[in-house]
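In our numbering, the protein residues as written are 105 to 479.
A virtual CB, placed ideally from N, CA and C, is assigned to each residue, including glycine.
These notes are about the structure you will find just below.
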């Protein structure tokens, strides 16, 4: 039996859905370079005390792996509700929380429940590209709404777009990826009111980077608004990108709706055990978040000092430019041993806040290249 041959041309004609033909899967290059700051990962490894606790909880779970996991993840949802209640300024209960394999699966389940063929979703680009990709994968039409020149949501134009297109789902990313810009509560409320007048439709606030923001969470806005959803992840603030655990908070009716489309036993017992262990170490992990916020702010200040134009950031990454050829500058940074992200935003690149040493290496490389360009 032979293994896969990825280098062989794929000339087989398959009856792929028309809207998927010619499309490329989501991905970021993983290159072997000294400094990798391209995927918004938390650079700090989990503390040894947490690693030991994960081992204990997983060992307990392993003793019952012959049985299916808790289908409804009741203990985990209770723990996530307690975390949100403590950190976001609004009390939520377990029946308002749902968890899945990364926030991407949360968003997929929401679009399976509220989108689909004959329905549309609206987002404000540039923004997280998976919103459009997941929409396409669920057969949901995608509409791109406007942003201002400084990458904020133009409220009047956004309200007009909602009134004109009457989407079934509206995405708001705060802090926004790749720009790092946060959205204020007044903007979300204006979009929510417009969405209710137009359809009504669901409004999904993607707070994957919420813990890094200067602004308070938008979670309290779900009170009395059954069509508003806030999604989050443990990948960033919890330093658990390899865990794949995302979650949402919303009216209990939303949780009931996504359970109609979830796969049976979609969260493994090992995943649930690991996430519960991480929640026990919230204070330590949020201490790393505070360090990364400080490093993020340092990147903003020092990039501006080099002459770069930098977008204000509330995330663990920074968008910077403006370059005549952003991809060429990306390549030159790579030649210096530093990998950042070229998201396709004209003239701009995105760098993740890393450790102080990683950030120093990145800044040294930028200064060197900027000096070369100036001579």
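Quiz item: Whose C-beta lies closer than 6 Å to the C-beta of residue 443 among residues of the same chain, with five residues either side of it excluded?
Solution: Within the chain shown, numbered from 1, the residue matching residue 443 stands at position 339. Answer for residue 443: 135, 137, 140 and 142, listed in chain order.
Self-check item: Beta-bridge pairing of residue 408 - partner residues as DSSP gives them
Solution: Looking up residue 408 in the chain shown gives position 304. None; residue 408 has no bridge partner.
Quiz prompt | Own chain partners of residue 265 with C-beta closer than 8 Å, once the 5 adjacent residues on each side are dropped | solution = Residue mapping note: residue 265 aligns to position 161 of the chain shown, counting from 1. For residue 265, where only same-chain residues beyond five positions count, the Cβ hits under 8 Å are 226, 247, 249 and 250.
Exercise. Measure the alpha-carbon distance for residue 380 versus residue 471 and round it to whole angstroms.
Key: What you label residue 380 is simply residue 276 of the chain shown in a count that begins at 1. What you label residue 471 is simply residue 367 of the chain shown in a count that begins at 1. Answer to the nearest angstrom: the Cα atoms are 43 Å apart.
Quiz item: Going by DSSP, what residues sit across from residue 355 in a beta bridge?
Solution: Here residue 355 is taken as the residue at index 251 of the chain shown, counted from 1. BP columns for residue 355 are empty, so no partner.
Self-check item: Beta-carbon proximity check, residue 242 vs residue 272, cutoff 8 Å
Solution: Here residue 242 refers to the residue found at position 138 of the chain shown. Here residue 272 refers to the residue found at position 168 of the chain shown. No, the Cβ-Cβ distance between residue 242 and residue 272 is not below 8 Å.
Self-check item: Nearest neighbour of residue 418, chosen from 454, 283, 233 and 126 [CA to CA]
Solution: Within the chain shown, residue 418 is the residue found at index 314, counting from 1. Nearest C-alpha to residue 418: 283.
Quiz item: Going straight from the alpha carbon of residue 458 to that of residue 302, what length do you get?
Solution: Stepping through the chain shown from its first residue, residue 458 is reached at position 354. Stepping through the chain shown from its first residue, residue 302 is reached at position 198. Roughly 43 Å between the two C-alpha positions.
Quiz item: Quick one: Cα of residue 258 to Cα of residue 230, how far?
Solution: Counting from 1 along the chain shown, the entry for residue 258 is found at position 154. Counting from 1 along the chain shown, the entry for residue 230 is found at position 126. About 13 Å.
Quiz item: According to the neighbour-count rule (16 or more other Cβ atoms, all chains shown, within 10 Å of its Cβ), is residue 426 buried or exposed?
Solution: Taking the first residue of the chain shown as position 1, residue 426 is located at position 322. Around the beta carbon of residue 426, a 10 Å sphere encloses fewer than 16 other beta carbons of the protein chains shown; the residue is thus reported as exposed.
Exercise. Could you please give the first and the last residue of the uninterrupted beta strand (DSSP E) stretch that includes residue 335?
Key: Within the chain shown, numbered from 1, the residue matching residue 335 stands at position 231. Per DSSP, the continuous beta strand (DSSP E) segment holding residue 335 begins and ends at 332-337.
Quiz item: How big is the Cα-Cα spacing for residue 156 and residue 123?
Solution: Reading the chain shown from its first residue, position 52 is the one you call residue 156. Reading the chain shown from its first residue, position 19 is the one you call residue 123. CA-CA distance, residue 156 to residue 123, rounds to 46 Å.
Self-check item: Length of the line joining the Cα atoms of residue 385 and residue 154
Solution: By one-based count along the chain shown, residue 385 stands at place 281. By one-based count along the chain shown, residue 154 stands at place 50. Put simply, the backbone Cα of residue 385 is about 7 Å away from that of residue 154.
Quiz prompt | Extent of the continuous beta strand (DSSP E) run through residue 452 | solution = Along the chain shown, read from residue 1 onward, the residue named residue 452 stands at position 348. Secondary structure note for residue 452: its beta strand (DSSP E) is the uninterrupted segment 452-456.
Quiz item: Which runs of the alpha helix (DSSP H) spanning at least 4 residues fall entirely within the segment 384-443, listed in chain order?
Solution: DSSP runs (the alpha helix (DSSP H)) wholly in the segment 384-443: 386-409 and 430-439.
Quiz prompt | Element boundaries [beta strand (DSSP E), containing residue 245] | solution = Locating residue 245 in the chain shown gives position 141, where the first residue counts as 1. First-last of the beta strand (DSSP E) with residue 245: 245-249.
Quiz item: So what's residue 109 in DSSP terms, helix, strand or just coil?
Solution: Counting from one through the chain shown, the residue named residue 109 turns up at place 5. Caution is warranted here: a pLDDT of 47 is assigned to residue 109, below 50, making its placement in the model unreliable, and no coordinate value can be reported.
Exercise. Have a look at residue 329 and residue 355 and give me their C-alpha separation to the nearest angstrom.
Key: Within the chain shown, residue 329 is the residue found at index 225, counting from 1. Within the chain shown, residue 355 is the residue found at index 251, counting from 1. Distance from the CA atom of residue 329 to the CA atom of residue 355, rounded to whole angstroms, is 8 Å.
Quiz prompt | Beta-bridge pairing of residue 192 - partner residues as DSSP gives them | solution = Position 88 of the chain shown, counting from 1, holds the residue named residue 192. Within the DSSP secondary-structure output, residue 192 pairs in no beta bridge.
Self-check item: Cut-off 8 Å between Cβ atoms - residues of its own chain near residue 208, not counting five sequence neighbours on either side
Solution: Counted from its first residue, the chain shown places residue 208 at position 104. Non-local beta-carbon contacts of residue 208 in its own chain, meaning distances under 8 Å to residues more than five positions away in sequence, involve 234, 238 and 350 in chain order.
Quiz item: Rounded to whole angstroms, how far is the Cβ of residue 307 from the Cβ of residue 331, which I believe are closer than 8 Å?
Solution: Along the chain shown, read from residue 1 onward, the residue named residue 307 stands at position 203. Along the chain shown, read from residue 1 onward, the residue named residue 331 stands at position 227. Right, the Cβ-Cβ distance comes to about 6 Å (below 8 Å), so this counts as a contact.
Quiz prompt | Opposing strand residues paired with residue 201 [DSSP bridges] | solution = Numbered from 1 along the chain shown, position 97 holds the residue referred to as residue 201. Under DSSP, residue 201 shares a beta bridge with 353.
Exercise. Go through its chain and collect everything with a Cβ distance to residue 474's Cβ below 7 Å, but skip five positions before and after it.
Key: Residue 474 sits at position 370 when you count from the first residue of the chain shown. Hits under 7 Å: 410 and 411.
Quiz item: For residue 140, which residues does DSSP report across the bridge?
Solution: What you label residue 140 is simply residue 36 of the chain shown in a count that begins at 1. Bridge partners of residue 140: 443.
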